[in-house]
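A.B. asks: Numbering (this note's numbering), first residue to last: 917 to 1230. Even for Gly, the Cβ is constructed at its ideal location relative to N, Cα and C.
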Ligand code: TXA
Ligand code: MG
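1) Exposed or buried, what is residue 935 when buried is set at 16 or more other beta-carbons lying within 10 Å of its beta-carbon?
2) What residue from 1021, 1093, 1100 and 1099 has the CA that sits closest to residue 1109's CA?
3) Do residue 970 and residue 1219 have their C-beta atoms within less than 9 Å of each other?
4) Could you tell me the alpha carbon to alpha carbon distance between residue 1188 and residue 1112, rounded to whole angstroms?
5) Would you mind stating whether residue 1162 and residue 1206 have Cβ atoms separated by less than 9 Å?
6) Which residues, in chain order, sit with a beta-carbon under 6 Å away from any heavy atom of ligand 2?
7) Say whether the stretch 1094-1105 touches the stretch 940-955, bearing in mind that this needs 3 or more beta-carbon pairs closer than 8 Å, one atom from each stretch.
8) Can the beta-carbon of residue 1095 be found closer than 9 Å to that of residue 1079?
9) Could you check whether the stretch 1061-1075 touches the stretch 974-990, counting it as contact only if at least three pairs of C-beta atoms, one from each stretch, sit closer than 8 Å?
10) Comparing the C-beta of residue 949 with each C-beta of chain B, is any distance below 9 Å?
11) Over what stretch of residues does the alpha helix (DSSP H) that includes residue 980 continue unbroken?
12) Per DSSP, residue 1050 forms a beta bridge with which residues?
13) Kindly examine ligand 1 and report whether one of its heavy atoms sits closer than 8 Å to the Cβ of residue 1106.
14) On the three-state DSSP scale, how would you describe residue 1184?
15) Could you compute how far the alpha carbon of residue 1088 sits from the alpha carbon of residue 1062?
16) Could you give the distance in angstroms between the alpha-carbon of residue 986 and the alpha-carbon of residue 1014?
17) In whole angstroms, what separates the C-alpha of residue 1116 from that of residue 998?
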């Protein structure tokens, strides 16, 4: 539903977001597709709506320092320097994430990309929701980033609960993404020139942003379990071979494994995606010899989870 961004419609959108919905909203760069950053099932709906066959870490949008402090574990001095100069505005900073932030937001990484937008509608929405919003660009996977509400509607249709129309985005190009963790690097050139950033904190590595073209979802860093992982039907694994292994299943339960994580009792893929990275992290921490991952149905969010399992298994 495309709605003009009146104060009433911003309130209405905020209520939908608080109830776990997804709302497209204007920012000064491009339109974003937002959901509550701390509600993994709401975040899973973003990936569903974008029809992404893989998980990418999302940018978390905050209103102010109080909201920021709930999202990040630490904000180093160069981050404060850059924030002081460029926030609110089109700069995204990658720093250590706060532990309650769901793994689905960061695709399992222990860092989070965060920015404080300047667009008055984005800020009104954040103020009304009262909590951080995870939001990638509001386009379907592979599409162009939307700079008008009509672009969002053409790309996502009614996959967003509401599309707030705030007119044309001022910059029309995404935010510049700068990592401060694990080391200072330019991850994506964007609306703020890299020279302006380097004049404040010194030279940034650029290899990550300007390397060879990568497949979708192929980032400079990706969370991968250290424990060897294979995709296998656990029903066919012998009891002997289960002893020192863990199993990750959608809904089945399997006897004899040293550890078991079930993603969704009812076999619901959205619920499964919401638990996915935490379950992998938990199994990975147990010092198991191996993780057996049950193949998931390759539809909807199952595609993105299988993509991640395949990357983890090679
Ligand atoms: O202007 C923008 O940044 C827009 C508006 C809506 O804010 N958002 C946007 O989000 O472009 P998205 O999801 O399309 O792009 C997020 C970028 C990706 O390049 C992603 O790889 C990177 O940020 N990113 C996010 N979290 C990261 C992390 N923890 N480490 C490294 N890169 C990260
Ligand atoms: Mg995008």
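C.D. replies: Well, looking at it:
1) exposed
2) 1093
3) yes
4) 42 Å
5) yes
6) 1052, 1053 and 1061
7) no
8) no
9) no
10) Of the chains in the structure shown, none is chain B; there is only one protein chain.
11) Neither: residue 980 is in no alpha helix (DSSP H) and is coded neither H nor E.
12) 951 and 976
13) yes
14) coil
15) 8 Å
16) 7 Å
17) 7 Å
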